[in-house]
Structure formats: structure tokens, C-alpha cells
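Structure first, commentary second.
Residue numbers (my numbering), protein chains in the order written: chain L, 1 to 141; chain D, 142 to 282.
In C-alpha cells:
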């Protein structure tokens, strides 16, 4: 059974589910920073997924990056599977802007996380509802 | 016509070609750090590639990560498309080890690059020859 890594659970807010991945919002208002987690057990590298799951992961991450770029007016999307600390396979999909707190550096380790207010999360959820329509199930927020 | 970004050209060594991507070795001996660059023009985001190219990119990056993990005995593979500085689409595929210079942080901005000696590059090329067989063309080193 799929269980979200405790560290991911602590540092993020669940948004909803693609066919393969749980979509999380990293609880750091410095950046619109999303995380895709395939709902599979004991996977830490992309190539450990079955071939069909790999294709699905790439489709979901690419679709998400494209939709977020429009929805959040990104200057650049950053897509990364690192996992040095949290072993459970997860893919960061991050909206980057020229004026954000870390630009042009990668975001990790640059700024202390600034948690969202409930209103901010509701606004992001609302924005996502406009761009993630088919093949996505929103969780109760 | 495909032309490699001057910054990528300056900071890396060309290794060879997959069907879609040029494979580069980042000239930083702190990590076995490879870069895939789709040989296409004017692409900065994965979703700007055609669908067939997207699939090919993911296949090449996943195959490469799998082969490098074995060849270099990685503790974790890091795969990332960032591109905040170099606009030309490129995917980092990095061998991470628990004892490397940045672990567990992402590698970017952690250590000044330490260029390889000619012998070190030859050794890496040789190691790659053992694991990248079909569907890969080595460039003259």
C-alpha cells in the first residue's frame, strides 16, 4: 500500500491525484513548488518503476510543468528527481521567476521555508482547478 | 542546425550521441556529472519538444541513469532539468555518493569545479564504453 514519506507529509500539503502520482504543494511560499510522488511502494529511482509507470510519470510531470508555467507565469520551470534525503521517489516541479528569492540558483537550501496561510493555499488550489481538469482528482483541502 | 550553448561547451567535454541527445561530461571531477542535450534548436522546456522527442528524452535519461548507477556504484542518481542560467534545454544526470563533496545537498553551487585530467577523462570514457553499447555513438576524445 502506498504511504507518503513522513518528511514529505510534514513539509507539504496534499493537492490531489493524477492517475499515477500524488500532487503535493511544498509548504514554502517563496516559490510555487510542487512535488509529484508516484503512488507505488519501495521505489527510489525512476528506472525502478515499470515501463508503463515511467511513461506515465513523465507525462504527468511534463503536463504539470506546462500547465504551471501558464498558470503561474513562470520564467522557467525546474523539474528534478533528487531524493538524497527523502528516499521515496518524488519529482520536484517548480515555478521559477527572475525575481524569486533564489534566482538563478536552484532553490534547495537557499531560503528558510515560509509556510503558506490558509488563504494562500486556497488561492493556489483555485488556480490549479482552472488548469488541471481531466485526469486529476482534487483531494479535500 | 543544432549548436551547443557556449557555456555548456566551455564547462563540459563531449562524450557521444544518443539518437536524440548529445551526452556531455561536466568538467568537474567532484562528481560523475553528465548532461544530456537534445540536438534540437530553440528549446528550453521539455514540453516544447515534440511528443516523440519527449519520450525519447525520457528513455535516454532513464537508461543513462540506470547504466551510470551501476557503472559508478551510485548511492543515488540525481536527474534534473533546471536551465535557469543556460537556456538551451539540458538534463543533468548526476551520480551521487554518500561521501561526495556536497552530499546530501544538491550539487549546484556547493564546490568550485575541479577539472579532470586527460587520464581521468579517458578512464571515464572507457567505463562508459562498457555500459553504453547500442544506440550510442562515441565522439572522438
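For each residue, glycine too, the CB sits at the ideal point set by N, CA and C.
Verify whether the separation of the beta carbon atoms of residue i and residue j is less than 8 Å.
{"i": "residue 92 of chain L", "j": "residue 80 of chain L", "result": "yes"}
{"i": "residue 187 of chain D", "j": "residue 195 of chain D", "result": "yes"}
{"i": "residue 236 of chain D", "j": "residue 204 of chain D", "result": "no"}
{"i": "residue 249 of chain D", "j": "residue 113 of chain L", "result": "no"}
{"i": "residue 229 of chain D", "j": "residue 185 of chain D", "result": "yes"}
{"i": "residue 217 of chain D", "j": "residue 78 of chain L", "result": "no"}
Can you find a CB in chain D that lies within less than 8 Å of the CB of residue i?
{"i": "residue 76 of chain L", "result": "yes"}
{"i": "residue 45 of chain L", "result": "yes"}
{"i": "residue 69 of chain L", "result": "yes"}
{"i": "residue 104 of chain L", "result": "yes"}
{"i": "residue 81 of chain L", "result": "yes"}
{"i": "residue 62 of chain L", "result": "yes"}
{"i": "residue 7 of chain L", "result": "no"}
{"i": "residue 22 of chain L", "result": "no"}
{"i": "residue 96 of chain L", "result": "yes"}
Please check the pair residue i and residue j, which I expect to be a contact at CB under 8 Å, by giving their CB distance rounded to whole angstroms.
{"i": "residue 256 of chain D", "j": "residue 168 of chain D", "result": "5 Å"}
{"i": "residue 131 of chain L", "j": "residue 52 of chain L", "result": "Residue 131 of chain L to residue 52 of chain L, Cβ: 25 Å. No contact."}
{"i": "residue 154 of chain D", "j": "residue 165 of chain D", "result": "7 Å"}
{"i": "residue 148 of chain D", "j": "residue 262 of chain D", "result": "That pair is no contact at about 19 Å."}
Using a Cβ-Cβ cutoff of less than 7 Å, which residues in the same chain neighbour residue i once the five nearest sequence positions on both sides are dropped?
{"i": "residue 60 of chain L", "result": "18, 20, 21, 36"}
{"i": "residue 85 of chain D", "result": "The first residue shown for chain D is 142 and the last is 282, placing residue 85 of chain D beyond what the model contains."}
{"i": "residue 258 of chain D", "result": "none"}
Take residue i and list the residues in its own chain whose beta-carbon comes closer than 6 Å to its own, dropping the five residues that flank it on each side.
{"i": "residue 32 of chain L", "result": "72, 95"}
{"i": "residue 238 of chain D", "result": "216"}
{"i": "residue 260 of chain D", "result": "none"}
Can you check whether the C-beta of residue i is within less than 8 Å of a C-beta belonging to chain L?
{"i": "residue 225 of chain D", "result": "yes"}
{"i": "residue 174 of chain D", "result": "no"}
{"i": "residue 207 of chain D", "result": "yes"}
{"i": "residue 191 of chain D", "result": "no"}
{"i": "residue 180 of chain D", "result": "no"}
{"i": "residue 157 of chain D", "result": "no"}
{"i": "residue 197 of chain D", "result": "no"}
Grab me the residues of residue i's own chain with a C-beta within less than 8 Å of its C-beta, minus the 5 sequence neighbours each way, in chain order.
{"i": "residue 127 of chain L", "result": "71, 72"}
{"i": "residue 190 of chain D", "result": "179, 181, 184, 198, 230"}
{"i": "residue 142 of chain D", "result": "182"}
{"i": "residue 289 of chain D", "result": "In the structure displayed, chain D extends from 142 to 282; residue 289 of chain D sits before or after that span and is not available."}
So with Cβ pairs under 8 Å, would you call residue i a contact of chain C?
{"i": "residue 171 of chain D", "result": "Considering every chain present, this structure includes no chain C. Its protein chains are L and D."}
Q) Would you say the region 124-137 of chain L touches the region 8-19 of chain L, given that touching needs at least three Cβ pairs under 8 Å? A) Between the region 124-137 of chain L and the region 8-19 of chain L, the count of Cβ pairs shorter than 8 Å is three or higher; the stretches touch.
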